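A quick write-up on the structure given underneath.
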Amino acid sequence: MSEQEPSVVAADIASAIGALPILRPLWVRPVLGYHAPLRSSATGRPRITIVIDGIRPVLAPVDGRVVEHRLVTGDALIVAADGWTQPRPQRPNRIVAINSFDDGTRFEAPQGLSFHSAAPLNPVARSLFSALIQAGEDAGQRPSAPDLLRLLVRAALADCRPWPQADRARLAWARARAHAYEHPGSGREALAAAAGVHPNHLSRLCRRIEGQPLITWITGVRMERARALLAAGLDAGQIATACGYGEASHFRRTFRKQHGLPPGAWAVAAARPLATVPS
């Protein structure tokens with residue numbers, strides 16, 4: 212997606228949502244109560260994806276079952292900060308996506324445009340997002356969800372505004388960060404290309420903003436996704452592919468180094484009370 216003026220992105224999103232005759236919310240929830248390994252104030256990000264047209268396949272835990280969902284026009288995937296989704300091979304489709312980060316909000320518009328705001332979601336949008344998540348937990352509130360969703364998008368678009376010149380470095384890092392979470396198999400060069408900076412500059416940005424080497428940060432992103440996929444019951448080979456490791460053995464060594472247990476043993480421990488789950 213190409214970065215564009217915020218007013219253009221906001222107008223494209225507003226027009227696309229306004230033209231949809233119906234919205235069908237779907238709620239992504241963690242499976243089997245695995246909240247602790249997945250929740251992080253630094254990495255968890257509430258987000259929504261609304262299909263404008265076409266079919267968008269996504270692997271996600273919806274209503275307690277991890278399956279591939281074929282999202283069609285009007286479907287809206289609502290992901291809480293401790294939820295996760297796994298990209299699937301893309302078919303032609305157009306979407307509206309709003310991803311909330313601690314230091315900004317990424318907007319993706321159906322015409323292939325995108326923009327990073329200079330701030331997290333405003334209080335009104337955050338409140339509406341909380342109400343939308345709550346509606347997913349209470350069947351009696353679900354009929355109000357489409358209206359809440361439209362109000363949320365409208366409120367969030369108020370945050371679609373330019374980054375100050377002084378924040379260009381954070382904008383570049385926000386682009387790299389968003390790409391890493393959408394494509395956890397990406398390495399330094401791919402992240403730098405997404406950020407529009409030289410790989411060496413990206414490494415310096417990571418040290419300055421995250422306080423750690425880029426390779427360490429990338430490994431952390433991959434391990435977060437790996438824990439989620441282990442909790443969902445995927446095997447090491449599938450997880451290695453999803454997280455960018457060429458061989459399952461490489462993934463197993465890295466996971467054990469990070470967690471003190473091989474993936475299979477960690478998954479067994481994770482099935483016990485949350486207090487025993489290795490972090």
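Here the working numbering is used: the first residue of the sequence shown is 212, the next is one more, and so on. Backbone N, C-alpha and C define an ideal beta-carbon position, used for all residues, glycine too. All values reported here derive from a predicted model rather than from experimental measurement.
- With a cutoff of 8 Å on beta-carbon distance, ILE429 and ALA391 are scored as near each other.
- By the neighbour-count definition (other C-beta atoms within 10 Å, threshold 16), ILE426 is an exposed residue.
- Exclusion of the five residues before and after ALA478 leaves LEU441 as the residues of its chain whose Cβ lies within less than 6 Å of its Cβ.
- Collapsing the DSSP output to three states places ASN304 in a strand.
- Spanning the alpha carbons of ALA287 and PHE462 requires a straight line of approximately 33 Å.
- For ARG365, the enclosing alpha helix (DSSP H) covers residues 356-367.
- Annotation for ASP223: the continuous alpha helix (DSSP H) segment containing it runs 217-230.
- The C-beta of ALA403 has 16 or more other C-beta atoms within 10 Å across all chains shown, which makes the residue buried.
- Here THR296 carries a coil assignment [DSSP, helix/strand/coil].
- Here the region 280-297 does not lie against the region 324-334, with fewer than 3 beta-carbon pairs under 8 Å apart.
- When DSSP states are grouped into helix, strand and coil, ALA330 belongs to the coil group.
- Nearest in C-alpha terms to VAL335, of all of LEU363, PRO232, GLY351, is LEU363.
- Listed as beta-bridge partners of TRP238 by DSSP are ILE289.
- Take VAL273, set aside five residues on each side of it, and the residues of its chain with a beta-carbon closer than 7 Å to its own are LEU237, TRP238, VAL239, HIS280, in chain order.
- DSSP, read as helix, strand or coil, puts GLU348 in helix.
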